[in-house]
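According to the numbering used here, the sequence shown is numbered sequentially starting from 2.
Where is the CB? At the ideal position from N, CA and C, for every residue including glycine.
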Amino acid sequence: MSPTRILVSGGGGYVGRFIVEAFLADGYEVVVAGRNAPALGFFSKATGFRPLCLGEEPRHDLFDGIDCFVHAAFDHVPGKYRGGEGDDPDAFVCRNLSGTTRLFDLAKASQVGCVALLSTRAVYGTQIPGSVLTEDTSPHPDTLYGQVKRGAEEHLQSLSDVGFRPLSLRVTGVYGPAGTGQQHKWRAMFQDYADGRVIAPRVATEVHGEDVARALVLLVRTGESGTFNVSDCVVDRHDLLRVVAETTGCTHPLPDPADSATLNIMNTDKLHARGWQPGGWLLLERTVREMVSSRSSDTDSGP
Numbered sequence: 002m003s004p005t006r007i008l009v010s011g012g013g014g015y016v017g018r019f020i021v022e023a024f025l026a027d028g029y030e031v032v033v034a035g036r037n038a039p040a041l042g043f044f045s046k047a048t049g050f051r052p053l054c055l056g057e058e059p060r061h062d063l064f065d066g067i068d069c070f071v072h073a074a075f076d077h078v079p080g081k082y083r084g085g086e087g088d089d090p091d092a093f094v095c096r097n098l099s100g101t102t103r104l105f106d107l108a109k110a111s112q113v114g115c116v117a118l119l120s121t122r123a124v125y126g127t128q129i130p131g132s133v134l135t136e137d138t139s140p141h142p143d144t145l146y147g148q149v150k151r152g153a154e155e156h157l158q159s160l161s162d163v164g165f166r167p168l169s170l171r172v173t174g175v176y177g178p179a180g181t182g183q184q185h186k187w188r189a190m191f192q193d194y195a196d197g198r199v200i201a202p203r204v205a206t207e208v209h210g211e212d213v214a215r216a217l218v219l220l221v222r223t224g225e226s227g228t229f230n231v232s233d234c235v236v237d238r239h240d241l242l243r244v245v246a247e248t249t250g251c252t253h254p255l256p257d258p259a260d261s262a263t264l265n266i267m268n269t270d271k272l273h274a275r276g277w278q279p280g281g282w283l284l285l286e287r288t289v290r291e292m293v294s295s296r297s298s299d300t301d302s303g304p
């Protein structure tokens, strides 16, 4: 029997690349959907390719032979998710909400058994400062990005039935090394620090792209459905740049620690109960040291 075949939209993107690699490593046959076919050697193993452009009518045979669809594609202004609509919010909604719901409808009509949406913590929006966010927390998206992702979640869940399993992963900011020809999300900040520019204090939650991908593979493989928070570390720029300073010997002043008391942290007990174990601070520190040492690059990311 041939491996289960997965279609990953946006597989050549910052987070999509981690997802493709994780499914390949787990023995799945992967087909990437996007505007352009990935360059030869971009992935560790060969993948298929099918053309897809959000907002345009998808080809009728897009899901032929596909067992699971992972929707990681998102059309936005380069480098931005929140604010990714730029000066054309209507087109942003058309591509990313209307275009996405059409894909979900076609996937179900094509008898795809599982559809997984790469969603975002931005669906929670405005919450009580300092409160912990569970999957049952009522969403109050306060950006167009969060509203679009929430709309996609709701449509996907509405399609659920005995033969159709919807998954939504609400992912925090994603870090990790870049693919060929890309830049990692902290590249500009690391360079600013090296150049002695003042870095504003900030604290946020992060998760490694590989941990996002492992969560997704785990949930698909074990037949899960529903909504799952995906988050790992609380990362203060003070601590992050301290690792950079230790690695490079840079002596420029670090930003002051930020106030984390009002941070809304996502609870991930539901995902941990399924066996997910992210890399924590040790993985983050090792990754930062490797990125700084190799000067590898990747694109701004972070759902």
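Taken through DSSP and simplified to helix, strand or coil, residue 74 comes out as coil. Assigned with DSSP and collapsed to three states, residue 209 falls in strand.
Residue burial is scored here from C-beta neighbours: residue 65 has fewer than 16 other C-beta atoms within 10 angstroms and is therefore classed as exposed. Within the DSSP bridge table, the entry for residue 51 names 34 as partners.
213 is the residue among 213, 246 and 245 whose C-alpha sits nearest the C-alpha of residue 21. By the Cβ criterion, the region 93 to 110 is not in contact with the region 129 to 143, since fewer than three pairs of Cβ atoms, one from each stretch, lie closer than 8 Å.
When the five nearest sequence neighbours on each side are left out, the beta carbons in the same chain lying within less than 7 Å of the beta carbon of residue 219 are those of 275, 276 and 277, in order along the chain. Under DSSP, no beta-bridge partner is assigned to residue 68. DSSP places residue 255 outside both helix and strand once states are collapsed to three, so it counts as coil. In this structure, residue 178 lies away from residue 226, with their beta-carbon atoms at least 7 Å apart. Sequence-distant Cβ neighbours of residue 211 in its own chain, meaning closer than 6 Å and more than five residues away, are 19. Membership of residue 104 in any beta strand (DSSP E) is not indicated; the residue belongs instead to the alpha helix (DSSP H) covering 100 to 110.
Exclusion of the five residues before and after residue 68 leaves 5, 6, 7, 113, 114 and 115 as the residues of its chain whose Cβ lies within less than 8 Å of its Cβ. In this model, residue 283 and residue 208 are separated by some 12 Å (Cα to Cα).
Using a Cβ distance threshold of 7 Å, residue 53 and residue 42 do not count as a contacting pair. Residue 124 has no beta-bridge partner at all, per DSSP. Of the residues assessed, residue 30 falls on the buried side of the cut-off, its CB having 16 or more other CB atoms within 10 angstroms. Between the beta-carbon of residue 156 and that of residue 191 there is about 39 Å, and that puts the pair past the 8 Å contact cut. Contact annotation, residue 232 with residue 263: C-beta distance approximately 16 Å; criterion of less than 8 Å not satisfied. Secondary structure at residue 248: helix, using DSSP grouped into helix, strand and coil.
Contact between residue 267 and residue 151 does not hold, since their C-beta atoms are separated by about 15 Å, which reaches or exceeds 8 Å. Following the DSSP letters along the chain, one finds residue 188 inside the alpha helix (DSSP H) bounded by residues 188 to 195. DSSP lists 126 as the bridge partner or partners of residue 141.
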